[in-house]
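Here is the structure we will look at, set down as structure tokens.
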Amino acid sequence: MRVRDLIRVLVIDDSAFSRQAITRMLETSPLVKVVGVARDGEEALRKAFELQPDLITLDLEMPRMDGFDLARNIRGDERLRGLPIIMITSRIAEKHRELARELGVDHYLGKPYAEDELLGLLRHYCAVSAEAY
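Under our numbering, think of the first position of the sequence shown as 41, with each following residue one higher.
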């Protein structure tokens, strides 16, 4: 098994503050290369095809295409189907978590999230990604 150098992450959130905060936190990790950011689901879908990230972080409430619709699109596309999705949102009700699970979201973190928890998930996906080589 080869060790993967970096996991490539696409950060998706309509809030510039949240995008910057998540990006800065991820960039402090030696495991991560942030390959792109997107403000909504339509832009994110385009960038996912273009940049081929290993993982996405995804907000729920966004204009044009929300996080649920983006998750549906990702899981419905053969090229993106296996892309791990970590949803990071202020919507923490069980009904939102349940719908995310039904749509195939891999992890659901409420805002504010624990940075250690997000970094642990990234370590997990680095290990999974390395096993594929």
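Virtual Cβ for every residue (Gly too), placed ideally from N, Cα, C. This one's a predicted model, so the numbers in the text were calculated from it and none came from an experiment.
Straight-line Cα distance separating residue j from residue i
i       : j       : result
His-147 : Leu-46  : 20 Å
Met-105 : Ala-167 : 31 Å
Lys-73  : Val-49  : 6 Å
Ala-175 : Met-102 : No answer is possible for residue 175: it lies beyond the span of the chain, which begins at 41 and ends at 173.
Tyr-12  : Glu-155 : Residue 12 is absent from the model: the chain starts at 41 and stops at 173.
Glu-138 : Leu-120 : 22 Å
Lys-151 : Glu-118 : 30 Å
Ser-130 : Asp-54  : 13 Å
Leu-149 : Ile-125 : 11 Å
Leu-162 : Leu-71  : 7 Å
Ile-62  : Glu-134 : 24 Å
Of the residues the options, the one placed nearest residue i, counting alpha carbons only
i       : options                          : result
Arg-141 : Arg-163, Met-127, Tyr-153        : Met-127
Gly-160 : Leu-50, Ala-78, Leu-66           : Leu-66
Ala-56  : Leu-120, Phe-89, Leu-110, Asp-80 : Asp-80
Gly-231 : Glu-134, Val-145, Thr-129        : The structure shown does not extend to residue 231, since the chain is modelled only from 41 through 173, so no value can be given for it.
Glu-83  : Asp-94, Arg-64, Gly-107          : Gly-107
Buried versus exposed call for residue i [16 or more other C-beta atoms within 10 Å across all chains shown]
i       : result
Arg-59  : buried
Ile-132 : exposed
Thr-68  : exposed
Gly-122 : exposed
Rounded distance between the beta-carbons of residue j and residue i, thought under 8 Å
i       : j       : result
Leu-91  : Val-75  : 5 Å
Leu-143 : Arg-112 : 6 Å
Leu-98  : Leu-85  : That belief does not hold up - the Cβ atoms of Leu-98 and Leu-85 are roughly 11 Å apart, past 8 Å.
Ile-96  : Ile-52  : 6 Å
Closer than 8 Å: residue i CB and nearest the ligand ZN heavy atom
i      : result
Ile-47 : For the ligand ZN, the structure offers nothing, since it holds no ligand at all.
Every unbroken alpha helix (DSSP H) within the segment 79–165, with a cutoff of 4 residues, ordered by chain
You should have 81–91, 107–116, 134–143.
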